[in-house]
Amino acid sequence: MHTVLVVIHAASGTTGLLLALPVLLAPKRRGRHTLLGRIYAGAAVGLSLSALGLFAYDPDRLWGLAVLGALTLGWLVGGLWIARRRPRRFGPRGWRIWHLNLMGSTVIAFVTGFAVQMTGGHLAAWLAPTVLGSLLIARTTAREVARAPRRLVVTTTG
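If you number the sequence shown the way the working numbering does, the last residue is 145 and the count never jumps.
Dropping the structure here:
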């Protein structure tokens, strides 16, 4: 079973890493973005669940993997829920900002896992993807906010 989990984890991680950039760069509408996004989401589920399964085999050594897997799954579920429901309380396009931040966080998790694996767990591999990814998400969020329609506020003074 351990070998099966490792294969699922590696295949899901590779798929997610390969699809992350095309999903991020695809026009945000039905079509390529949603199709690739569904495949990416499946990879994220596979990665997260296999991470939790692998943690069960060696909890002392793989606790970081379990934390990253649980966070990734939470961000994914939140990002998909927001995209499906498009809650009005966030404003007409506010849901997009939440979706972008949550799904961007899953990409950071994929990159972090890859970096940690490639460096043997170096501290910089844990921190650099989060710092750089957060800066990119913040920049993209600012662009999305700037694109949002302005609301006219009328006040009366009396």
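Even for Gly, the Cβ is constructed at its ideal location relative to N, Cα and C.
- Within its own chain, the residues whose Cβ lies closer than 8 angstroms to the Cβ of tryptophan 82, once the five positions on either side in sequence are excluded, are Ile69, Ala70, Arg72, Arg73 and Pro74, listed in chain order.
- By the CB criterion at 7 angstroms, glycine 61 and alanine 30 fall outside the cutoff.
- With 16 or more other CB atoms across the displayed protein chains lying within 10 angstroms of its CB, leucine 6 is buried.
- Here the alpha carbon of valine -7 sits roughly 21 angstroms from the alpha carbon of leucine 63.
- When rounded, the separation of the alpha-carbon atoms in valine 32 and arginine 134 is 31 angstroms.
- Around the beta-carbon of leucine 55, 16 or more other beta-carbon atoms lie within 10 Å, marking it buried.
- Looking at Thr128, Gly120 and Leu114, the one whose alpha-carbon comes closest to that of glycine 51 is Leu114.
- In the DSSP assignment, leucine 34 falls within the alpha helix (DSSP H) that extends over 19 to 44.
- For proline 79, the number of other beta carbons within 10 angstroms of its own is below 16, and it is reported as exposed.
- Secondary structure of proline 74 (DSSP, three-state): coil.
- Contact between the stretch 102 to 116 and the stretch 12 to 31 is not established, with fewer than three Cβ pairs separated by less than 8 angstroms.
- When rounded, the separation of the alpha-carbon atoms in leucine 49 and valine -9 is 17 angstroms.
- One Cα belongs to histidine -4, the other to phenylalanine 77, and the distance between them is close to 35 angstroms.
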